[in-house]
Amino acid sequence: MKILIIEDEKDMLQNMEDTLQKENYLVETATDLDSAISKVGVYDYDCILLDINLPDGSGMEILDFLKQNDKTEGVIIVSARNSLDDRLQGLNTGADDYLAKPFHMAELNARVKALLRRKKFNGNDILKIENLVIDPDNHIAKTEHGEMELNRKEFDILIYLATNQNRLVSKSALAEHVWGDHIDQADNFEFIYSQIKNLRKKLKDVQANIEIKAVYGIGYKLIQA
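The C-terminal position of the sequence shown is numbered 225 in the UniProt record's numbering, with every residue numbered one higher than the one before it.
If you want it as structure tokens, here you go:
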């Protein structure tokens with residue numbers, strides 16, 4: 001799962017980033033409005049943690065940008081402002097939740113997990129596709145024939161394909177979502193081919209009734225076997 005933190009307070013940003021990385025999320029950051037809009041304009045995220053008070057403008061502009069560009073990222077406003085008007089403005093503009101500073105990192109983590117469940121798993125903790133059961137919180141994917149031994153990238157690819165079941169996912173979208181904006185430094189997609197090959201073998205080993213279909217020159221989709 002890929003998260004963007006938009007926060008200009010250095011210590012707060014570092015604490016949030018460390019907390020979420022420990023949960024195996026792919027975390028990217030922005031410290032001002034301009035860089036935040038640049039990122040959300042180019043990349044897709046599962047969740048955005050948004051501070052309203054930014055040095056070069058209001059975080060509310062991010063919500064407007066998402067709406068104008070038909071982007072569906074889940075947004076949690078994280079701000080020192082705690083008035084009813086601020087909360088209502090944020091929620092009415094498109095935010096999914098509002099977390100007032102100061103807060104415990106455990107609460108932040110719980111809010112992020114709750115939002116991802118609502119957005120990606122229809123409110124469920126577990127994702128089931130055919131005979132495959134995926135538990136994102138505990139990093140488990142299994143069938144009645146056994147549990148898959150997946151590294152972090154393989155698990156992230158499986159989650160991304162599973163939440164886009166039967167949809168064609170381009171190689172570039174898959175790479176960017178799992179590897180983040182550092183993907184721009186890559187020369188080719190050989191690393192994706194390797195991960196997909198391993199993932200296919202591991203799905204076969206546990207006799208999963210799904211398979212990863214390649215669409216030549218474009219990308220992949222998860223379909224019923």
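Even glycine gets a Cβ: it sits at the ideal position worked out from N, Cα and C.
Contact belief for residue i with residue j at Cβ below 8 Å, rounded distance in angstroms
i, j, result
"Leu20", "Val27", "5 Å"
"Met60", "Ile48", "Going by Cβ atoms, the distance from Met60 to Ile48 rounds to 13 Å, so no, they are not a contact pair."
"Leu168", "Leu199", "No, Leu168 and Leu199 are not in contact; Cβ-Cβ is about 17 Å, not under 8 Å."
"Met148", "Lys213", "Rounded, the Cβ-Cβ distance is 18 Å, inconsistent with contact."
"Asn124", "Arg117", "6 Å"
"His177", "Tyr160", "5 Å"
"Gly74", "Asp96", "5 Å"
Residue i (DSSP reduced to helix, strand or coil)
i, result
"Lys2", "strand"
"Glu190", "helix"
"Tyr160", "helix"
"Leu174", "helix"
"Thr29", "strand"
"Glu130", "coil"
"Thr72", "coil"
Sequence-distant residues of its chain with Cβ nearer than 7 Å to residue i (five each side left out)
i, result
"Ala36", "Ile6, Ala30, Ile62"
"Ala162", "Leu127, Ile129, Ile134, Leu222"
"Phe121", "Leu127"
"His145", "Val206, Gln207"
Residue i versus the options, residue with shortest Cα-Cα distance
i, options, result
"Gly41", "Lys22, Ile192, Lys67, Leu54", "Lys67"
"Leu50", "Asn166, Glu17, Phe189", "Glu17"
"Leu115", "Ile76, Asp86, Lys197, Ala106", "Ile76"
"Lys197", "Asp64, Leu150, Gly180", "Leu150"
"Ala106", "Trp179, Ile192, Met1, Glu23", "Glu23"
"Ser38", "Gln224, Leu54, Ser58, Phe65", "Phe65"
"Phe103", "Met12, Gly180, Glu211", "Met12"
Span separating the alpha-carbon of residue i from that of residue j
i, j, result
"Phe189", "Ala175", "8 Å"
"Gln14", "Arg81", "20 Å"
"Asn131", "Gln195", "22 Å"
"Gly219", "Ser170", "4 Å"
"Val78", "Arg152", "27 Å"
"Asn209", "Gln165", "13 Å"
"Asp8", "Lys71", "23 Å"
"Met1", "Gly180", "10 Å"
"Phe155", "Gln224", "18 Å"
"Leu91", "Asp85", "10 Å"
Own chain, CB closer than 8 Å to residue i, minus 5 neighbours either side, in chain order
i, result
"Ile3", "Leu20, Tyr25, Leu26, Val27, Glu28, Tyr45, Asp46, Cys47, Ile48, Leu49, Val112"
Own chain partners of residue i with C-beta closer than 6 Å, once the 5 adjacent residues on each side are dropped
i, result
"Arg87", "Tyr98"
"Gln89", "none"
"Lys119", "Gly74"
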